[in-house]
Amino acid sequence: MLVSSTEVMQQAEKAYDQVLAEAKAQNALNTNAAMTKRVKNIANKLIAQAPRFRADSKDWDWEVNVINSKEINAWCMAGGKIAVYSALITETNPTDAELATVIGHEMAHALREHTREQQSTEAMKNAALNIASLFGASDTAVSLGNTAANVAISLPFSRSHENEADALGLELMHYAGYDTDAAVSFWTKMTKATGGGNEGLMVLLSTHPADSDRIANLKALSQKLKAQPR
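So the sequence shown is residues 1210 to 1439, counted in the working numbering.
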């Protein structure tokens, strides 16, 4: 891949610090102590299982924070930088296992370096355009760098990335002691709620489609994991 793991993690750390600084300036960072404690407890159980699937993740500087927002969302940047938006909890009223579904899924994207793959793909596209336009080497370098920074948290993942994150996320849940059927109940709940016109919910579903195929796949994966020992 054109973008290294080190580059992606450095970009993620800078972007994460900026997000936290902006949230803090708006008095929107970890303002609900009980909610923050709950999110961190769930995330830490999942984080403890991450080295099963990626050994070097035990050395990551994992961070977990809750940001006050009307947007129903959560994400995990490269290197384990996690953010959960308060509306995910206040608007969907998830059980602990359902909340673990979302956090585990986002962690899986980071563990499988999906952002790095996105950045490399975008860099290849830009490199081709730059060559075609006869840009100089320095211009190309700047362009690739800007692309990498922009992709870090903005582009939706591909369906193959989503499927992979679903599978690994369920495994993280399973070994952390959560009921993996919660993934089915959560996304079924989200599907039923789509007709309500909730803009925050539509943001989540725009990047995480909860169609019948996905839910059926989650159900099959959950049943398979239930047959395995923890």
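A virtual CB, placed ideally from N, CA and C, is assigned to each residue, including glycine. For clarity, every value in this text was computed on a predicted model and none was experimentally measured.
Residue i to residue j, Cα distance in whole Å?
{"i": "His1370", "j": "Met1316", "result": "12 Å"}
{"i": "Ile1281", "j": "Gly1313", "result": "16 Å"}
{"i": "Glu1272", "j": "Lys1290", "result": "5 Å"}
{"i": "Asn1250", "j": "His1383", "result": "16 Å"}
{"i": "Ala1429", "j": "Glu1373", "result": "14 Å"}
{"i": "Lys1435", "j": "Arg1368", "result": "25 Å"}
{"i": "Leu1379", "j": "Lys1398", "result": "17 Å"}
{"i": "Asp1422", "j": "Leu1381", "result": "21 Å"}
{"i": "Pro1438", "j": "Ser1431", "result": "13 Å"}
{"i": "Leu1320", "j": "Asn1236", "result": "30 Å"}
{"i": "Ala1357", "j": "Lys1246", "result": "Caution is warranted here: a pLDDT of 37 is assigned to Ala1357, below 50, making its placement in the model unreliable, and no coordinate value can be reported."}
{"i": "Leu1308", "j": "Val1248", "result": "8 Å"}
{"i": "Trp1269", "j": "Ala1221", "result": "12 Å"}
{"i": "Thr1215", "j": "Thr1310", "result": "28 Å"}
{"i": "Ser1352", "j": "Asp1226", "result": "Note that Ser1352 scores a pLDDT of 36, beneath 50, so its modelled location is shaky and nothing firm can be said."}
{"i": "Gln1219", "j": "Ala1242", "result": "29 Å"}
{"i": "Glu1300", "j": "Ile1256", "result": "25 Å"}
{"i": "Ile1276", "j": "Lys1433", "result": "35 Å"}
{"i": "Val1393", "j": "Val1228", "result": "31 Å"}
{"i": "Gly1354", "j": "Pro1303", "result": "Because the pLDDT of Gly1354 is 39, which lies under 50, any placement of that residue in the model is unreliable, and the number read from its coordinates should be weighed accordingly. Taking the straight line from one Cα to the other gives about 38 Å."}
{"i": "Met1286", "j": "Trp1396", "result": "22 Å"}
{"i": "Gly1288", "j": "Ala1224", "result": "12 Å"}
{"i": "Lys1233", "j": "Asn1239", "result": "8 Å"}
{"i": "Asp1424", "j": "Lys1401", "result": "The sequence shown places Ile at residue 1424, rather than the Asp named in the question. If I take the Cα positions, the gap works out to 12 Å."}
{"i": "Leu1377", "j": "Trp1284", "result": "15 Å"}
{"i": "Glu1322", "j": "Ala1230", "result": "25 Å"}
{"i": "Ala1252", "j": "His1318", "result": "14 Å"}
{"i": "Asn1274", "j": "Lys1267", "result": "19 Å"}
{"i": "Met1244", "j": "Val1217", "result": "29 Å"}
Please state if the CB of residue j and the CB of residue i are separated by a distance shorter than 8 Å.
{"i": "Ser1385", "j": "Lys1254", "result": "For clarity, residue 1385 is Ala in the given sequence; the question names Ser instead. Contact: yes."}
{"i": "Ala1306", "j": "Tyr1387", "result": "yes"}
{"i": "Asn1426", "j": "Asp1390", "result": "no"}
Between which two residues does the alpha helix (DSSP H) carrying residue i extend?
{"i": "Gln1432", "result": "1421-1435"}
{"i": "Tyr1384", "result": "1368-1385"}
{"i": "Thr1304", "result": "Segment: none, Thr1304 is in no alpha helix (DSSP H) and carries neither H nor E."}
Should residue i be listed as close to the ligand ZN, given that the test is whether its C-beta is under 7 Å from any heavy atom?
{"i": "Thr1215", "result": "Questions concerning the ligand ZN fall outside what the structure shown contains, since it holds no ligand whatsoever."}
Are the region 1291-1299 and the region 1259-1266 in contact at 8 Å, needing three or more beta carbon pairs? In this structure the region 1291-1299 does not touch the region 1259-1266; the number of beta carbon pairs closer than 8 Å is below three.
What ranges does the alpha helix (DSSP H) occupy inside the region 1229-1297, keeping only unbroken runs of at least 4 residues that lie completely in it? For the region 1229-1297, whole alpha helix (DSSP H) runs of length 4 or above, ordered along the chain, are 1242-1256.
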